[in-house]
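Chemist: Once you know that position 12 of the sequence shown is 13 in the working numbering, the rest is easy, because the numbers rise by one and skip nothing. Idealized CB from N, CA, C, for every residue including glycine. Just passing along the structure, written as structure tokens.
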Amino acid sequence: MITKEQVLSALSVVIDPDLQKDLVSLGMIEDIKIEGSKVSFTLVLTTPACPLRAQLERDARRAVQVMTGAQEVEIHTTSRVHNPKKVDISGNEFKHVIAIGSGKGGVGKSTVAANIAIGLAQDGASVGLLDADIYGPNIPRMLGITGTPQAEDGAKVKPLVAHGVQVVSIGFFVADGQPLIWRGPMLHSAVQQFLTDFDWGSLDYLIVDLPPGTGDVQLSLSQTLPISGAVVVTTPQAVSTDDAFRAISMFDKLEIPMLGIVENMAYLRLPDGSQMPVFGAGGGQRLEDLTGVPLLGSIPLEPEVGIDGDRGTPAVLASPDNPASEAIRAIARNLAAQSSKQAHEAE
Ligand SMILES: Nc1ncnc2c1ncn2[C@@H]1O[C@H](COP(=O)(O)OP(=O)(O)OP(=O)(O)O)[C@@H](O)[C@H]1O
Ligand SMILES: [Mg+2]
């Protein structure tokens, strides 16, 4: 007869490599059932976008088979995103608020933010995307959004939903093509209203696309929003990594933990299969070595990424097999894992 205790002791040998603890101590095992030589249980991951899902399932199955002699092991995998530092505002719940910043403009922040948001949503997370780029709110175009959200009588305004992601953009509040000259208190109250006046519900991840740079506007946005972690996007070039370093220093001064670095436009794939380092090589790795902030991944320069973004259907959806899309999906999962790690350490 296999016992529950045997199953638990087998699973307490399996270590989550990110959280450095065993599955039982982490509370990831529920609902153990034993029918003869068949064992089933639920594995509760810390995020639906867990990059270790397959590995953990395999290790857990093997441990139970070997240590209990079970003939059949059935694992139901689910997830619960949890963060002791989650933010509750006006009936909304934001478990992780992740800012995407850069020192330099045009490195692909918005592209990365939009694709990561969709990647996380594709994995089953509840995701919001807040476009806080007061200089050039590009998110509506990148997600194919044309209208603006309408308030129904007495109810809070619902964010617009595009490709499974809830979206609010500062672009909703200004006339098309008009420049934004918002400063100080006005910017502050607008940004607060993004979180208080919209009915976001409960979000696992709110991704915030920040304007480029490390000036007053970026500082006050980062202070006003309850950001739980930040990602900095850079190209491999030194002029970009220099600015990314400044962005990392800015988040550091604000005591916003860094979740990772994304290297974009890493290389161009040539027809013969070779890689052309258009903007140099190794910048993301050098920045990781310099700062200790993990490099979440490198995204190649691929024409589809730009084309799909302009058409309003980001590459992870429109060109899922493109190497850039594969890189972005992996980055989204690494980001989710880093967020889980941060939440676990906060506890
Ligand atoms: N990996 C990539 N491959 C090809 N084109 C890309 C890639 N990443 C971004 N682009 C293109 O580069 C341009 C700049 O990207 P994006 O607007 O996302 O940058 P940004 O950092 O948000 O810019 P800004 O600083 O103005 O906010 C866009 O035209 C986008 O389509
Ligand atoms: Mg942008």
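What whole-angstrom Cβ distance do residue 35 and residue 3 have, given they're in contact under 8 Å?
Modeler: Yes, they are in contact, since the Cβ atoms of residue 35 and residue 3 sit about 5 Å apart, within 8 Å.
Chemist: Are there three or more Cβ pairs, one per stretch, closer than 8 Å when the stretch 27-43 is compared with the stretch 162-175?
Modeler: Too few Cβ pairs lie closer than 8 Å, so no.
Chemist: If you measure from the CB of residue 326, is any heavy atom of ligand 1 nearer than 7 Å?
Modeler: It does not: the Cβ of residue 326 is nowhere closer than 7 Å to a heavy atom of ligand 1.
Chemist: So what does DSSP say about residue 203, is it helix, strand or coil?
Modeler: Residue 203 falls in the strand class under three-state DSSP.
Chemist: Would the stretch 231-238 and the stretch 102-112 be scored as touching if the rule is three or more Cβ pairs under 8 Å?
Modeler: These segments touch.
Chemist: For the candidate residues 253, 113, 343, 277, whose alpha-carbon lies nearest to that of residue 1?
Modeler: Here the chain comprises residues numbered 2 to 348, so residue 1 is not present and cannot be evaluated.
Chemist: By alpha-carbon positions, which one of 101, 190, 189, 38 ends up nearest to residue 212?
Modeler: Measuring from the Cα of residue 212, the nearest candidate turns out to be 101.
Chemist: For residue 146, which residues from the same chain have a beta carbon less than 8 Å from its beta carbon, with the 5 sequence-adjacent residues on both sides left out?
Modeler: Once the five neighbours on either side are set aside, the close Cβ partners of residue 146 are 140, 161, 163, 168, 170, 313.
Chemist: Give me, in chain order, the residues of the same chain whose beta-carbon lies closer than 7 Å to that of residue 87; leave out the 5 immediate sequence neighbours on both sides.
Modeler: Closer than 7 Å at the Cβ level, and outside the excluded window around residue 87, lie 94, 95, 96.
Chemist: Look up residue 230 in the DSSP assignment and say whether it is helix, strand or coil.
Modeler: Correct three-state label for residue 230: strand.
Chemist: Taking any heavy atom of ligand 2 as the mark, which residues have a C-beta closer than 7 Å to it, listed down the chain?
Modeler: Result: 110, 111, 134, 137, 139, 210, 213.
Chemist: Of the residues 149, 119, 254, which one's Cα is nearest the Cα of residue 216?
Modeler: That would be 254, whose Cα lies nearest to the Cα of residue 216.
Chemist: Can you tell me where the beta strand (DSSP E) with residue 143 in it begins and where it stops?
Modeler: Counting along the chain, residue 143 falls outside any beta strand (DSSP E), though it belongs to the alpha helix (DSSP H) covering 140-143.
Chemist: Ligand 1 and residue 266: does the residue's C-beta get closer than 7 Å to at least one heavy atom of that ligand?
Modeler: Checking the Cβ of residue 266 against ligand 1 gives yes.
Chemist: Rounding to the nearest angstrom, what Cα-Cα distance links residue 223 and residue 294 in this structure?
Modeler: The straight-line gap from Cα to Cα measures roughly 19 Å.
Chemist: Quick one, are the C-beta atoms of residue 11 and residue 69 less than 8 Å apart?
Modeler: Cβ distance < 8 Å, so residue 11 and residue 69 count as in contact.
Chemist: Taking the runs of the beta strand (DSSP E) that are 3 residues or longer, which of them lie wholly in the stretch 218-293?
Modeler: The stretch 218-293 contains these whole beta strand (DSSP E) runs: 230-235, 259-270.
Chemist: I'd like the list of long-range same chain contacts for residue 30, defined as Cβ closer than 6 Å, with 5 residues on each side in sequence excluded.
Modeler: So the list reads 12, 24, 42, once near-sequence residues are dropped.
Chemist: Excluding sequence positions up to five away, which residues of its chain have a Cβ less than 7 Å from the Cβ of residue 61?
Modeler: Cβ within range, chain order: 12, 15, 24, 44, 76.
Chemist: Identify whether residue 345 lies in helix, strand or coil by the three-state DSSP scheme.
Modeler: Here residue 345 sits in helix by DSSP.
Chemist: Using a Cβ-based criterion (distance less than 7 Å to any ligand heavy atom), does residue 302 qualify as near ligand 1?
Modeler: Correct: residue 302 has its Cβ closer than 7 Å to ligand 1.
Chemist: Quick check on residue 135: does DSSP put it in helix, strand or coil?
Modeler: DSSP places residue 135 in coil when its eight states are reduced to three.
Chemist: What first and last residue would you give for the alpha helix (DSSP H) that runs through residue 31?
Modeler: Element bounds for residue 31: not the alpha helix (DSSP H) but the beta strand (DSSP E), 30-36.
Chemist: Pull up the distance between the alpha-carbon of residue 83 and that of residue 274, whole angstroms please.
Modeler: If I take the Cα positions, the gap works out to 42 Å.
Chemist: Please indicate yes or no: does the CB of residue 241 lie closer than 7 Å to some heavy atom of ligand 1?
Modeler: Every heavy atom of ligand 1 is 7 Å or more from the Cβ of residue 241, so no.
Chemist: Which residue marks the beginning of the beta strand (DSSP E) containing residue 301, and which one marks its end?
Modeler: 296-302 is the extent of the beta strand (DSSP E) around residue 301.
Chemist: Considering only DSSP beta bridges, list what residue 75 is partnered with.
Modeler: The partner list for residue 75 (beta bridge, DSSP) reads 41.
Chemist: Which whole-angstrom value describes the C-beta separation of residue 332 and residue 297, a residue pair presumed to lie in contact below a C-beta threshold of 8 Å?
Modeler: Right, their Cβ atoms sit about 5 Å apart.
Chemist: Have a look at 196, 197, 263, 66 and flag the residue whose alpha-carbon is nearest the alpha-carbon of residue 328.
Modeler: Of the listed residues, the one whose Cα sits closest to residue 328 is 263.
Chemist: Got a sec? Which residues, its chain only, sit under 6 Å from residue 204 by beta carbon, not counting five neighbours each side?
Modeler: Excluding residues within five positions, the ones whose Cβ falls inside 6 Å are 95, 127, 129.
Chemist: Look at the alpha carbon of residue 252 and the alpha carbon of residue 67, and state the distance between them as a whole number of angstroms.
Modeler: Those two C-alpha atoms are separated by around 47 Å.
Chemist: Is any non-hydrogen atom of ligand 1 found closer than 7 Å to the C-beta of residue 108, if you look at the structure I gave you?
Modeler: Indeed, a heavy atom of ligand 1 lies less than 7 Å from the Cβ.
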